[in-house]
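Down below is the structure, laid out as structure tokens.
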Amino acid sequence: MTAPEKLLEVNHLKKYYPIRGGVFGRKVGEVKAVDDVSFTVRKGETLGIVGESGCGKSTTGRSILRLEEPTSGSITFEGEDLTSLSGEKMRRMRREIQMVFQDPFASLNPRKTAGLAIAEPLEVHGLGDRRERGEKVKELLSVVGLDPYHGERYPHQFSGGQRQRIGIARALAVQPKLIIADEPVSALDVSIQSQVLNLMEDLQEKYDLTYVFIAHDLSVVRHISDRVGVMYLGGMVELADRDELYDHPLHPYTQALLSAVPTPDPEAKRERIILSGDVPSPADPPSGCTFHTRCPHVMDICREIRPSFKNYGGNHFAACHLLEK
Amino acid sequence: MSANSTSLTSPTPSPMPDTGEPKAEAASPLGNVWRSFIKSRSAVIGAVIVLSILLIAVIGPLFLPYGYNQVDANSRLEAPSAVHWFGTDDLGRDVFARVINGARISLWVGFFAVTGSIIVGSLLGLLAGYYGRWIDVLISRVFDILLAFPGVLLAIAIVAMLGPSLENAMYAIAVINVPTFGRLMRSRVLAIKQEDFVLAAKAIGMKDRRILFKHILPNSWTPIMVQGTLNFAIAVIEAAALGFLGLGAQPPEPEWGKMLSDSRQYIESAPWTMIFPGSAIMLTVLGFNLLGDGLRDILDPRMKT
């Protein structure tokens, strides 16, 4: 990892959803789904983003593609700020950044065959004529481990793993540089998960892909990622190289998360850190550090001042007052 | 699109056994629909009635010995007989000939009104649901205003403005049915818009228009079809109502509602002049309602696999 080239840079990304109420639909509050998140993605790497449900990881992923319009912040892809692009330019930019969705069934139009679904990105971006697209579809099907005749089938005729392969083939069709995978394996059986993960790794090597891999399963993220970011309640609390993060977590939230990962060895002695309480509502996040309501090491300062996201050596970023001492 | 799919379907399935995947029974969703259609009694009965009326309307008049407007002063208000199956009316016209010819009018009015309101309503609903914001507010308020009036009353007002004629009655019926389809479409679009495959289409880089017409519309048409069939029945009744009030078809056109109102005064002396056009309306409405109900059961999205 010497002088890695930045492919994507996200700076101070915020996405607030207005809460409307009253007779006239006035804005009465906001849900801070993503609140000031910054990270970079290097060319060819896999950045894993983990967090509980509702912590804003999917919204972050969708904001990068501007499927959700960010409230503020910048998203720089290959030196170009995506947030300032016009609708039509953004549409063309989507050729470079593709997405794989969590629910492979819901993300395929039930009335289109697999072949048509995979051909669609090509068609939309005006690539190849009808015959060439047909060839390309067959090629893509075999790349993701399906047979060419699968192209004429409808989504309901496939198994979950196969559907996700179709979703991946569709994302690959336009040869993107970056693929945002939003919980791509969490809807699949464990035995199928590893197949799809391995497929994604093979494809990364073959096509020089960069992944942003969003998941809540820590072992899945550990398996596939080069670097891992941990999100809590709309904010990034820690970001580091995979092994560094898993072996030396700095943030108390990350420590608690990792202590909850089940280990196959029943004899192993581990200290479980049990967090009490629930995740606070993002419509009314706690003051200061958003984690202070559940943190076992909470200090007075945590309730008042939001800790900044700093580099604590070796590109290990974290946001915690404990570390600043 | 279809040609594209055929280019993909050319190779025959390899003999390799499929492993761990659901059985591929149906070639397409349409095959499933057909199978459940055959099983649904009400849909089949409704379809038989509707098709029979359609057949009668199209070719029936060709086999009639009398024209629908053939006056015979010597045989006024005659009871049904071998010569005049449904009897004759006050002008000596053959009621059977008029009822058969009336089927043409009713089906045409129903078809025109329903098709018109589906096209206009779906388009407006599509725009309102997909773009939201002020477009939605504007279109939805127009629907609300139209729905605030009782349907037939609004139709009467429209016809009164345009002048009484069958054509204007058709426009009026189309207009009052627009909000039904508009709202239905809007609600479908709102639901489908949230589906991952629409998001996926956007993520691919698809244009709005293509998303609307290739992804959202094809997944919204089933409730529209069902509602359209049911509204066909409503349109037939509304046309008859306008005819009855003298605002629809004008004499001597053999419109069923008009025939009912013309024969009001003979209800005791010559009931056949009312019974047959009335039964024709009832049968048509029944047919479309049965078909619509059956289709709803078949196409209910909750029952889809």
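Listed in order, the protein sequences are those of chains A and B.
Residue 393 is where the first sequence starts when you use this note's numbering, and the numbers rise one by one after that.
Residue 3 is where the second sequence starts when you use this note's numbering, and the numbers rise one by one after that.
Positions of the beta carbon are idealized from the N, C-alpha and C atoms, including for glycine.
Where residue i meets chain B, residues with beta-carbon distance less than 7 Å
{"i": "residue 415 of chain A", "result": "Within 7 Å Cβ-Cβ: nothing; residue 415 of chain A doesn't reach chain B, min ~15 Å."}
{"i": "residue 713 of chain A", "result": "Neighbours of residue 713 of chain A on chain B: none; closest Cβ ~38 Å, over 7 Å."}
{"i": "residue 739 of chain A", "result": "Here chain A covers residues 393 to 717 and nothing more, so residue 739 of chain A does not appear."}
Nearest-angstrom Cβ-Cβ length linking residue i and residue j, presumed shorter than 8 Å
{"i": "residue 652 of chain A", "j": "residue 664 of chain A", "result": "7 Å"}
{"i": "residue 616 of chain A", "j": "residue 440 of chain A", "result": "7 Å"}
{"i": "residue 201 of chain B", "j": "residue 477 of chain A", "result": "In fact, because the Cβ distance is near 19 Å, the residues do not count as touching under 8 Å."}
{"i": "residue 254 of chain B", "j": "residue 71 of chain B", "result": "5 Å"}
{"i": "residue 145 of chain B", "j": "residue 95 of chain B", "result": "So it is not a contact: roughly 42 Å between Cβ atoms."}
{"i": "residue 42 of chain B", "j": "residue 300 of chain B", "result": "6 Å"}
{"i": "residue 491 of chain A", "j": "residue 533 of chain A", "result": "No, residue 491 of chain A and residue 533 of chain A are not in contact; Cβ-Cβ is about 19 Å, not under 8 Å."}
{"i": "residue 160 of chain B", "j": "residue 150 of chain B", "result": "Their Cβ separation, rounded to whole angstroms, is 15 Å, which puts residue 160 of chain B and residue 150 of chain B out of contact at 8 Å."}
{"i": "residue 517 of chain A", "j": "residue 566 of chain A", "result": "6 Å"}
{"i": "residue 409 of chain A", "j": "residue 422 of chain A", "result": "7 Å"}
{"i": "residue 437 of chain A", "j": "residue 618 of chain A", "result": "4 Å"}
6 Å CB neighbourhood of residue i in its chain, flanking five on each side removed
{"i": "residue 453 of chain A", "result": "572, 574, 606"}
{"i": "residue 464 of chain A", "result": "406"}
{"i": "residue 294 of chain B", "result": "228, 231, 232"}
{"i": "residue 192 of chain B", "result": "131"}
{"i": "residue 99 of chain B", "result": "66, 68, 70"}
{"i": "residue 646 of chain A", "result": "622, 630"}
Best match in the options for proximity to residue i [C-alpha to C-alpha]
{"i": "residue 223 of chain B", "options": "B/203, B/241, B/297, B/235", "result": "B/297"}
{"i": "residue 568 of chain A", "options": "A/402, A/603, A/617", "result": "A/603"}
{"i": "residue 216 of chain B", "options": "A/658, A/501, A/687, A/639", "result": "A/501"}
{"i": "residue 147 of chain B", "options": "B/75, B/273, B/181", "result": "B/181"}
{"i": "residue 599 of chain A", "options": "A/691, A/493, A/488", "result": "A/488"}
{"i": "residue 548 of chain A", "options": "A/618, A/495, A/596, A/586", "result": "A/495"}
{"i": "residue 187 of chain B", "options": "B/163, B/218, B/211, B/170", "result": "B/218"}
{"i": "residue 206 of chain B", "options": "A/482, A/620, A/590, A/702", "result": "A/482"}
{"i": "residue 262 of chain B", "options": "B/91, B/83, B/64, B/38", "result": "B/91"}
{"i": "residue 589 of chain A", "options": "A/398, A/536, A/520", "result": "A/536"}
{"i": "residue 629 of chain A", "options": "A/560, A/595, A/684, A/414", "result": "A/684"}
{"i": "residue 525 of chain A", "options": "A/561, A/697, A/551, A/555", "result": "A/561"}
{"i": "residue 582 of chain A", "options": "A/596, A/612, A/555", "result": "A/612"}
8 Å Cβ cutoff, residue i in contact with chain A
{"i": "residue 225 of chain B", "result": "no"}
{"i": "residue 199 of chain B", "result": "yes"}
{"i": "residue 202 of chain B", "result": "yes"}
{"i": "residue 134 of chain B", "result": "no"}
{"i": "residue 220 of chain B", "result": "yes"}
{"i": "residue 209 of chain B", "result": "yes"}
{"i": "residue 47 of chain B", "result": "no"}
{"i": "residue 205 of chain B", "result": "yes"}
{"i": "residue 305 of chain B", "result": "Per-residue confidence for residue 305 of chain B stands at a pLDDT of 49, beneath the threshold of 50, marking its modelled position as unreliable; no derived number is given."}
{"i": "residue 297 of chain B", "result": "no"}
{"i": "residue 16 of chain B", "result": "Model confidence at residue 16 of chain B stands at a pLDDT of 42, short of 50, so the residue's coordinates are unreliable; what they give is reported in the following sentence. Judged by the 8 Å Cβ criterion, residue 16 of chain B is in contact with chain A."}
Own chain partners of residue i with C-beta closer than 7 Å, once the 5 adjacent residues on each side are dropped
{"i": "residue 221 of chain B", "result": "194"}
{"i": "residue 625 of chain A", "result": "447, 671, 672, 674, 677, 682"}
{"i": "residue 715 of chain A", "result": "642, 704"}
{"i": "residue 648 of chain A", "result": "665, 667"}
{"i": "residue 688 of chain A", "result": "644, 665"}
{"i": "residue 27 of chain B", "result": "Low per-residue confidence applies at residue 27 of chain B: pLDDT is 44, beneath 50, and the placement is therefore not dependable, though the value from the model is reported in the following sentence. Here the set comprises nothing."}
{"i": "residue 276 of chain B", "result": "262, 265, 269"}
{"i": "residue 679 of chain A", "result": "695, 696"}
Listed by chain order, chain B residues near residue i by CB distance under 8 Å
{"i": "residue 613 of chain A", "result": "Within 8 Å Cβ-Cβ: nothing; residue 613 of chain A doesn't reach chain B, min ~21 Å."}
{"i": "residue 402 of chain A", "result": "Correct list: empty, because the minimum Cβ distance to chain B is about 17 Å."}
Short CB-CB distance (under 8 Å) between residue i and chain B
{"i": "residue 601 of chain A", "result": "no"}
{"i": "residue 500 of chain A", "result": "yes"}
{"i": "residue 592 of chain A", "result": "no"}
{"i": "residue 490 of chain A", "result": "yes"}
{"i": "residue 487 of chain A", "result": "yes"}
{"i": "residue 459 of chain A", "result": "yes"}
{"i": "residue 426 of chain A", "result": "no"}
{"i": "residue 517 of chain A", "result": "yes"}
{"i": "residue 472 of chain A", "result": "no"}
{"i": "residue 483 of chain A", "result": "yes"}
{"i": "residue 495 of chain A", "result": "yes"}
{"i": "residue 678 of chain A", "result": "no"}
{"i": "residue 512 of chain A", "result": "yes"}
{"i": "residue 433 of chain A", "result": "no"}
Contacts that residue i makes with chain A (C-beta to C-beta distance below 8 Å)
{"i": "residue 69 of chain B", "result": "What residue 69 of chain B touches in chain A: nothing, since even the nearest Cβ is about 48 Å away."}
Contacting residues, own chain, Cβ-Cβ under 8 Å from residue i (five flanking each side not counted)
{"i": "residue 473 of chain A", "result": "466, 467"}
{"i": "residue 35 of chain B", "result": "300, 301"}
Check: residue i C-beta below 7 Å from any heavy atom of the ligand MG
{"i": "residue 407 of chain A", "result": "The model depicted lacks the ligand MG and carries no ligand whatsoever."}
Within chain A, the residues that residue i reaches when beta carbons sit closer than 7 Å
{"i": "residue 217 of chain B", "result": "501"}
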